[in-house]
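J.:
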């Protein structure tokens with residue numbers, strides 16, 4: 027499929043649009059891998075807080091187990107015509123040890139606080155190392171907007 031009517035955004039616009047989506051979106055696809063069991067992918071609620079993505083899942087879920095065994099993860103927002111892919115290292119934080127401000131941001135966004143639940147929950151925190159963003163073929167060039175954890179500066183005009 028070609029998107030001939032899409033005008034390419036510059037790096038600053040892509041960064042702004044990506045951050046707006048990370049603050050506004052509800053769901054993100056989380057891809058993990060386990061050395062023995064292979065890949066696993068699941069959608070989770072998330073909040074962008076403190077330059078990191080915070081998700082929550084059962085402490086015994088495949089996602090939590092995989093992150094403990096292999097912290098490298100990939101995340102994707104669900105819109106295939108406005109792609110945002112995040113790569114980073116995840117860490118599991120028990121619900122009773124999560125920073126209060128991150129847990130409060132998650133609870134405020136979803137009206138649900140896993141710290142108040144009976145079952146064991148873990149927050150999964152991902153600090154991005156690489157972010158790619160593009161809308162259609164015209165934006166494939168320059169799609170990397172973060173590398174090695176640093177937002178890239180757009181080229182001078």
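Residue numbers (our numbering): 27 to 183. The beta-carbon is built from N, C-alpha and C at its ideal position, and this holds for glycine as well.
(1) Between residue 93 and residue 58, how many whole angstroms is the CB-CB distance? I'm expecting something under 8 Å.
(2) In whole angstroms, what separates the C-alpha of residue 100 from that of residue 47?
(3) Within its chain, find whatever has a CB closer than 8 Å to the CB of residue 35; leave out the 5 residues flanking it on each side and keep chain order.
(4) Pick out the complete alpha helix (DSSP H) segments inside the segment 114-158, 4 residues or longer, and give them in chain order.
(5) Would you mind working out which of 172, 131 and 123 sits nearest residue 71, comparing C-alpha positions?
(6) Would you tell me roughly how many angstroms separate the C-alpha atoms of residue 78 and residue 115, rounded to the nearest one?
(7) Just the C-alpha distance for residue 45 and residue 110, rounded to the nearest angstrom, thanks.
(8) Identify the continuous alpha helix (DSSP H) that holds residue 83 and give its terminal residues.
(9) Rounded C-beta distance between residue 97 and residue 117? I'm assuming under 8 Å.
(10) Among residues of its own chain, excluding the 5 on either side of residue 84, which ones have a beta-carbon nearer than 8 Å to its beta-carbon?
(11) Can you tell me whether residue 172 is buried or exposed? The criterion is at least 16 other CB atoms within 10 Å of its CB, across all chains shown.
(12) Do residue 155 and residue 170 have their C-beta atoms within less than 8 Å of each other?
T.: So, to answer that:
(1) Contact holds; Cβ gap of about 6 Å.
(2) Put simply, the backbone Cα of residue 100 is about 17 Å away from that of residue 47.
(3) Taken in chain order, the residues that qualify are 43, 161 and 165.
(4) Inside the segment 114-158, DSSP marks whole alpha helix (DSSP H) runs of 4 or more residues at positions 126-136, from first to last along the chain.
(5) For the residues 172, 131 and 123, the minimum Cα distance to residue 71 belongs to 131.
(6) Between the alpha carbons of residue 78 and residue 115 lies a gap of roughly 11 Å.
(7) So the alpha carbons of these two residues sit roughly 10 Å apart.
(8) Per DSSP, residue 83 belongs to no alpha helix (DSSP H); it is in the beta strand (DSSP E), 78-84.
(9) Yes, they are in contact, since the Cβ atoms of residue 97 and residue 117 sit about 6 Å apart, within 8 Å.
(10) Short of 8 Å from the beta carbon of residue 84, and not among the five residues preceding or following it, lie these beta carbons of its own chain, in chain order: 90, 145, 146, 147 and 148.
(11) Buried: at least 16 other Cβ atoms inside 10 Å.
(12) No.
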